[in-house]
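Residue numbers (the numbering used here), protein chains in the order written: chain L, 3 to 435; chain F, 1058 to 1531; chain Z, 598 to 851.
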Amino acid sequence: MNTTVNTHTTANALEPQWLLDRRNSGNETYSNLPVPSAKDENWRFASVLSEDIDAFKSAPMPEDHAIDYALSNSKLVEDPIAELIFVDDHLVQSKPLPKELIDKGVRFLSLNEAIEDHSHLLEPYFLKDSTRLGSQKYFGLHASNVKAGAVLYVPKGVEINEPIAVYHWSNTDKGLICPHTLIIAEAQSKVSLIDVLASTTEENRCLNISASNIQGHPSANIYRKVIQNFNSKTLSFQLDSAIADRDTQLENIAINLGAAKARYENQIKINGSGAHVTMYSLSVAEETQEFDQRTFQTHNAPNSVSDLLYKNALFDTSRTIFSGLIQVEEGAQQTDAYQTNRNLLLDQRADANALPGLEILANDVKCSHGATTGNIDEDELFYMLSRGIPHRVAMQLIVLGFFEEIIEKLGSDSLAENIRKLLEEKFASKIKS
Amino acid sequence: MSESIINEQEEAIKVDYEKGNFSFPEDYTYDAGTGLNEETVAYISKVKNEAEWVKEFRLKALEIFNKKPMPTHWASKDLENIVFDNIRYYLSKGQKPSRTWDEVPDDVKETFERLGIPEQERKFLAGVEAQFDSEAAYSRMKEDLEKEGVIFVGSTEGLEKYPEIFRPYFGKVIPSADNKFSALNSAVFSGGSFIYVPKGVKLKQPLQAYFRINAENFGQFERTLIIADEGSEITYMEGCTAPKFETATLHSAVVELVALKNAKIQYITVQNWSNNVFNLVTKRAHAEENAEVKWIDCNIGSRLTMKYPGVVLKGRKARGEVLSIALANDGQHQDTGAKMIHLADETSSNIISKSISIGKGRSTYRGQVHMPKHLKNCKNNTECDALLINTNSRTDTYPAITTRGEGNTVQHEASVSKVSAEQIFYMMQRGLSEGEAMSLAVNGFVNDLLKAFPMEYSVELKRLIDMEMEGSVG
Amino acid sequence: MQSLEITNLNVNIDGQPILKDFSLNIPKGEIHALMGPNGTGKSTLAKVIAGHEDYEVTSGEILLNGESILGKEPDEISLAGLFLAFQYPLEIPGVSIANFIRAAKQARLPENESINAVEYYKELYDKMDALKIDRKFTARSLNEGFSGGEKKRCEVLQMSMLEPDYCIMDETDSGLDIDALKIVADGVNLMRSPERGFLIITHYQRLLDYIIPDVVHVMYDGKIVHSGDAELAKELESKGYDWVKDSFVSSLAQ
């Protein structure tokens, strides 16, 4: 592996030493670790990554038409209270927080801004811990290259009811983007942030290695949604992690629609009693798409709840892999931990893999996992046809219905409606009469 | 717990946990010494007077064994504690298996009598083979079955006398290279049962093998191959015990089953090795069209068991089933599970696994269900439930499920639960002691699965579970 | 001495006093009803008598036929002759009613004796018939998937099979319709004997139309504030628990 190519290009002397150290160690990890193989338990069933990752480079500031495209299409979240829009990791537009929230101490900053002015805020968390789910190598690449993203800090007791939105557009062919999202929600705060990942073109092949980190302090209420809708050429890694403390209420929703191959790692660590964490995901896979989902629910404290539901619909020769692990550590009694994976096979060539796992070291727990894979229920279809509903519409209704329990959890009518539209567009070409 | 509660059908085999803990002084005619190399393999082959192809098969397997790494990238690190150089790979008194108990050497005979084997044979078995260390000491089947053409012999005799029947399948269901321990077994196998059931013959009573380790540092590597010809039916049961030696003992078997069209095989294991035995067993079946293979697998003993019985569903409408119960007490790790490989349309498989972890015991379920894309209308159902008794008990579940194809459905459910303090209080209020209450709750947990077992075995299992539960509370 | 005698019992949960100098004596042959509003300590009393370990007994005494049972294990108390019909019977998956009751009866026999299965099933079926419990229930897991009424009838079945000296019935009537209530009452009335004492804990008077108590106690805030005959229950029903508070609690306070 050529180690010099990807050395991050924007490191500037102004960066604090701790950050330079983390970048260097990331670069070393990236260079030293081998490309993962399917023999690694964390990569079981994943197709071999034959791509030359080093061929993807950070892109310069995009041209105006790309920026215009991005700006006019950053509409998924209606009326965000604040917003950042990036194209190829360059900030092209920002809508700052209202003054009253800034006065209360809330900060919503682009990463560069945060590094320059709020290094102390970042240091305890930013790039501190790598993923444990297999993509350590790519997290290393992210760490050495990351220059774009959002940092959200909500002080104790401040509640923000309106959503905050961050858009990351990939634009240049062979371009690398490394978006980062850091949410620090202090005690009793409330916040909702939506990340949208998308492409400005249909054909340019890009590499996304994004990472997010959520720090949920006691009794904080955090909603984090991420919508991945890259073009069908893109390679994507999303490496998410979150920590929930005492009574933290954390809701995660991931919508996965795009990319040629998308790996999504999400690890949640519960360190305090009374925490309640939900992890929902909806994926529609078509053509030769591969969605590779790896999750971790770690319970380090008693009396907390985690609930995971991942639903996948598969068309054509697409593949999905769900591999989840619930870990209940010693002493984490009265834990309720659930994990469910449901796969709807809409083509006999599609391929759904499920690896739901439990590791339980406490005895007073309620844990379960379930995985089901099946086709559309023929009786259900027949019932609808007998009511005069055309085949195509019936299929669409059934597939949308399959996802409805996730969509309704989005909590925002307009966002739910926009996601339904995206799904319908995707189905329109898929479901034939 | 009083016996009358747990069994209403008292007339059953009585192998209990402590019963197996005795051994006789060693007196072997053939001893391959400690450690494993080509000479060890050649020695075993020579003692057995084997055909050249069998010897070649062994030597090739040894080569594979030496090359393959330990599977510790996913399996327990405890495997690394096996010292292959300290193990004795072949021990026998040079006896041919006797057809009557009277001809069996006194110490061996007494061993099996204490384990209750001759008594069971009289009561409900169609045939028995009793293996003492490397070779069978006794082997007999009812005469009428012999007349019908049923073959029930040891592995050496099977390969020597009936190569035309057994050779085509030997090492085909489980190739030597399948894993490190199947390679080890293929290199040094001795004993076990080779069974052939002719077309249309249905055995009404089970055949049984009993495996006994008597010598310290000994590795037992029996090899079993059962071929059920078209439309035939057979139930085979195996039991095993060993004394509690100071040092670890290795048991590594290979069991291959072939169910031809419309045949049914039921294979029952009650594994009750003493808790210093590494029990690393590969078991797999081929099921042809409309055939049915059922593995009933109970793991009570051993230090570490790694065993994932599998069925390769090769023919249309073939059915595979694994019912398993594992009980892990202090110092034990039961790493068990099932594999269902669907290779034909309309095949179905069912896996039900129940595990109980007591004290610091650890039970693990590992499963694989595979349905490739060209298949239609296949079904799998998997349920694994774990019960945790103490605060430091541990359970893990790692299934792997791949589904493609049309009309295929897969369903997997797993749960982890415990016996609650309020349930125990409720039962104690009715006059049961805490231990009895716990035993009853645990038996209740496995009860619906036990109902699927032949009666003799469900009764024995309940007794074993009760014995394991003693002292787990309070 | 043939009585269940509770004297000056004080019980805390998490440091909070629940029973306060509670006293009650139930001689064999009598049925006592204990009534009172919710949260007054009735169920706590039942569980403390049965030996539940979650409660902290700070002082007082409980004597069963003259022998102290305080601090004994629940199974010892049960074998000493006390039965508690639970307000919320627990579900025990996989354990059939027949095997469960058999285990409980076996526990009452000397070690070298075992139950005669034929006689056992005859007795079980007779008593099930009397309680209008379908015989198929014997094979069902204890309380699992039972309706509220089925659970309560199953409690009475266990009570009649185990033939205790003293029966405590904790809100056995709650959630029952009138038919089920009559069945339960019939079961209790059949067991009524000079050799047996009952404590019937209830929130409503209705059950006492069918099981006529010898004594009715009104409990309030951790102790008995008033006792009377069966008529008291009716008065209580018509006047409500506020009447208790006004007429007895306030007078005690004076």
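Just so it is clear, CB atoms sit at the ideal spot from N, CA and C, and this is done for glycine as well.
For clarity, every value in this text was computed on a predicted model and none was experimentally measured.
Fill in: Proximal residues, the region 1456-1467 of chain F versus chain L, C-beta separation under 8 angstroms
Pro-1456, Ala-1457, Ile-1458, Thr-1459, Thr-1460, Arg-1461, Gly-1462, Glu-1463, Gly-1464, Asn-1465, Thr-1466 and Val-1467
Practice prompt. Let me know if Val-715/Z comes out buried or exposed under the rule of 16 or more other beta-carbons within 10 Å of its beta-carbon.
Written response: Position 118 of the third sequence, counting from 1, holds the residue named residue 715/Z. It counts as exposed.
Worksheet item: Once you ignore the five residues that flank Ala-1183/F on each side, which residues in its own chain have a CB closer than 8 angstroms to its CB?
Response: Position 126 of the second sequence holds residue 1183/F. Answer for Ala-1183/F: Met-1198, Lys-1199, Leu-1202, Leu-1260, Lys-1261, Gln-1262, Pro-1263 and Leu-1264, listed in chain order.
Item to complete: Write down the C-beta distance between Pro-690/Z and Ser-738/Z rounded to the nearest angstrom, noting that I regard them as a contact closer than 8 angstroms.
Response: Position 93 of the third sequence, counted from the first residue, corresponds to residue 690/Z. Position 141 of the third sequence, counted from the first residue, corresponds to residue 738/Z. At roughly 5 angstroms, the Cβ-Cβ gap stays under 8 angstroms, so Pro-690/Z and Ser-738/Z are in contact.
Item to complete: Can you check DSSP and say which residues form a bridge with Arg-1419/F?
Response: Taking the second sequence and counting its residues from 1, the one referred to as residue 1419/F is at position 362. Bridge partners of Arg-1419/F: His-1390/F and Arg-1451/F.
Worksheet entry | Buried/exposed call for Lys-1071/F, threshold 16 Cβ in 10 Å | Taking the second sequence and counting its residues from 1, one reaches residue 1071/F at position 14. Bear in mind that a pLDDT of 34 at Lys-1071/F, under 50, signals an unreliable position, so the number given afterwards is only what the model happens to contain. Burial call: exposed.
Fill in: Assigned secondary structure, Ser-33/L (DSSP; H/G/I helix, E/B strand, else coil)
One-based indexing of the first sequence puts residue 33/L at position 31. It is helical.
Worksheet entry | Backbone secondary structure at Lys-617/Z - three-state DSSP | Against the third sequence, residue 617/Z aligns to sequence position 20. DSSP places Lys-617/Z in strand when its eight states are reduced to three.
Fill in: Beta-bridge partners of Tyr-225/L, as assigned by DSSP
For the purposes of this step, residue 225/L is taken as the residue at position 223 of the first sequence. Ser-194/L and Glu-253/L.
Worksheet entry | Inter-residue spacing [alpha-carbon to alpha-carbon] between Glu-205/L and Ala-72/L | For the purposes of this step, residue 205/L is identified with residue 203 of the first sequence, where counting begins at 1. For the purposes of this step, residue 72/L is identified with residue 70 of the first sequence, where counting begins at 1. Each residue's alpha carbon lies about 15 angstroms from the other.
Fill in: Within 8 angstroms, strictly: CB atoms of Trp-1330/F and Gly-1358/F
Residue 1330/F sits at position 273 when you count from the first residue of the second sequence. Residue 1358/F sits at position 301 when you count from the first residue of the second sequence. The answer is yes: Cβ separation under 8 angstroms.
Discussion item. Counting only Cβ-Cβ distances shorter than 8 angstroms, please list the residues of the region 362-390 of chain L near chain F, keeping chain order.
Written reply: Ile-362, Leu-363, Ala-364, Asn-365, Asp-366, Val-367, Lys-368, Cys-369, Ser-370, His-371, Gly-372, Ala-373, Thr-374, Thr-375, Gly-376 and Asn-377
Item to complete: Answer yes or no: do Glu-1525/F and Asn-1386/F have a C-beta to C-beta separation smaller than 8 angstroms?
Response: Locating residue 1525/F in the second sequence gives position 468, counting from the first residue. Locating residue 1386/F in the second sequence gives position 329, counting from the first residue. Yes, the pair counts as a contact, with Cβ atoms nearer than the cut-off.
Fill in: Contacting positions in the region 743-770 of chain Z - beta carbon closer than 8 angstroms to chain F
Gln-755 and Leu-759
Item to complete: Mind reading off the beta-carbon distance from Ile-87/L to Tyr-169/L? Whole number of angstroms is fine, and I expect it under 8 angstroms.
Response: In the first sequence, residue 87/L corresponds to position 85, counting from 1. In the first sequence, residue 169/L corresponds to position 167, counting from 1. Yes, they are in contact, since the Cβ atoms of Ile-87/L and Tyr-169/L sit about 5 angstroms apart, within 8 angstroms.
Worksheet item: What does Leu-357/L touch in chain F if you count any residue whose Cβ is under 8 angstroms from its own?
Response: Counted from its first residue, the first sequence places residue 357/L at position 355. What Leu-357/L touches in chain F: Tyr-1455, Pro-1456, Ala-1457 and Ile-1458.
Practice prompt. Provide the residue(s) that pair with Asp-1286/F in DSSP beta bridges, ordered along the chain.
Written response: Taking the first residue of the second sequence as position 1, residue 1286/F is located at position 229. Its beta-bridge partners do not exist; DSSP assigns none.
Discussion item. Restricting to Cα atoms, I'd like to know which of Lys-227/L, Leu-21/L, Asp-309/L and Ile-328/L is closest to His-122/L.
Written reply: Here residue 122/L is taken as the residue at index 120 of the first sequence, counted from 1. Checked all of Lys-227/L, Leu-21/L, Asp-309/L and Ile-328/L; the closest Cα to His-122/L is Leu-21/L.
Worksheet item: Roughly how many whole angstroms lie between the Cα atoms of Ile-1382/F and Met-1294/F?
Response: Along the second sequence, read from residue 1 onward, the residue named residue 1382/F stands at position 325. Along the second sequence, read from residue 1 onward, the residue named residue 1294/F stands at position 237. Each residue's Cα considered, the two are about 15 angstroms apart.
Item to complete: Would you list, in chain order, the members of the region 334-355 of chain L that have their beta-carbon closer than 8 angstroms to a beta-carbon of chain F?
Response: Gln-335, Asn-345, Leu-347, Gln-350, Arg-351, Ala-352, Asp-353, Ala-354 and Asn-355
Discussion item. Checking the sheet assignment: what are the DSSP bridge partners for Tyr-838/Z?
Written reply: Residue mapping note: residue 838/Z aligns to position 241 of the third sequence, counting from 1. None, per the DSSP bridge assignment.
Worksheet item: Listed from N- to C-terminal order along the chain, which residues in the region 817-828 of chain Z have their beta-carbon within a distance smaller than 9 angstroms of any beta-carbon of chain F?
Response: none
Worksheet entry | Backbone CA spacing between Met-397/L and Leu-383/L [nearest angstrom] | As a working mapping, residue 397/L is identified with position 395 in the first sequence. As a working mapping, residue 383/L is identified with position 381 in the first sequence. Going by the C-alpha atoms only, they are around 7 angstroms apart.
Worksheet item: Buried or exposed: which applies to Thr-12/L, given that a residue is buried once 16 or more other Cβ atoms fall within 10 Å of its Cβ?
Response: What you label residue 12/L is simply residue 10 of the first sequence in a count that begins at 1. Residue confidence is low: Thr-12/L scores 47 on pLDDT, short of 50, so the model does not pin down where it sits. No coordinate-derived value is stated.
Worksheet entry | Min CB distance Glu-1065/F to chain L below 8 angstroms | Numbered from its first residue, the second sequence carries residue 1065/F at position 8. Because Glu-1065/F carries a pLDDT of 32, less than 50, the predicted location of this residue cannot be relied on, and no value is offered for it.
Worksheet item: When Cβ atoms are compared, which residues of the region 1475-1491 of chain F fall closer than 8 angstroms to chain Z?
Response: Ser-1477, Glu-1479, Gln-1480, Phe-1482, Tyr-1483, Met-1484, Met-1485, Gln-1486, Arg-1487, Gly-1488, Leu-1489, Ser-1490 and Glu-1491
Fill in: Three or more C-beta pairs below 8 angstroms linking the region 1108-1120 of chain F and the region 1313-1333 of chain F
no
Item to complete: Give the interface partners of Leu-796/Z over in chain F, defined as CB-CB distance under 8 angstroms, in chain order.
Response: Walking along the third sequence from the start, residue 796/Z turns up at place 199. Under the 8 angstroms cutoff, chain F gives no residues; its nearest Cβ is about 14 angstroms from Leu-796/Z.
Item to complete: Name the two residues that bound the continuous alpha helix (DSSP H) containing Thr-1091/F.
Response: For this step, residue 1091/F is matched to residue 34 along the second sequence. From DSSP, Thr-1091/F is part of no alpha helix (DSSP H); its letter is neither H nor E.
Discussion item. Taking its Cβ as the centre, do 16 or more other Cβ atoms sit within 10 Å of Asp-81/L, making it buried, or is it exposed?
Written reply: Start at 1 with the first residue of the first sequence, and residue 81/L comes out as number 79. Asp-81/L should be labelled exposed.
Discussion item. Please state the DSSP three-state secondary structure of Ser-1544/F.
Written reply: This structure gives no information on residue 1544/F, because the portion of chain F shown stretches from 1058 to 1531.
Practice prompt. Alpha carbon to alpha carbon, how far is Ile-666/Z from Met-1484/F? Give it in angstroms, no decimals.
Written response: Looking up residue 1484/F in the second sequence gives position 427. Looking up residue 666/Z in the third sequence gives position 69. Using only the alpha carbons, I get a separation of about 18 angstroms.
Discussion item. Per DSSP, what are the beta-bridge partners of Phe-110/L in this structure?
Written reply: Reading the first sequence from its first residue, position 108 is the one you call residue 110/L. Answer is Leu-154/L, bridged to Phe-110/L.
Fill in: Contact list for the region 33-62 of chain L against chain F, Cβ threshold 9 angstroms
Lys-41, Asp-42, Glu-43, Arg-46 and Phe-47
Practice prompt. Please state whether DSSP places Trp-20/L in a helix, a strand or coil.
Written response: Taking the first sequence and counting its residues from 1, one reaches residue 20/L at position 18. In the structure shown, Trp-20/L sits in a helix (DSSP, three-state: H, G or I).
Fill in: Residue interval of the beta strand (DSSP E) (run including Gln-802/Z)
The residue you call residue 802/Z lines up with position 205 of the third sequence. It is not in any beta strand (DSSP E) - Gln-802/Z carries neither H nor E in the DSSP assignment.
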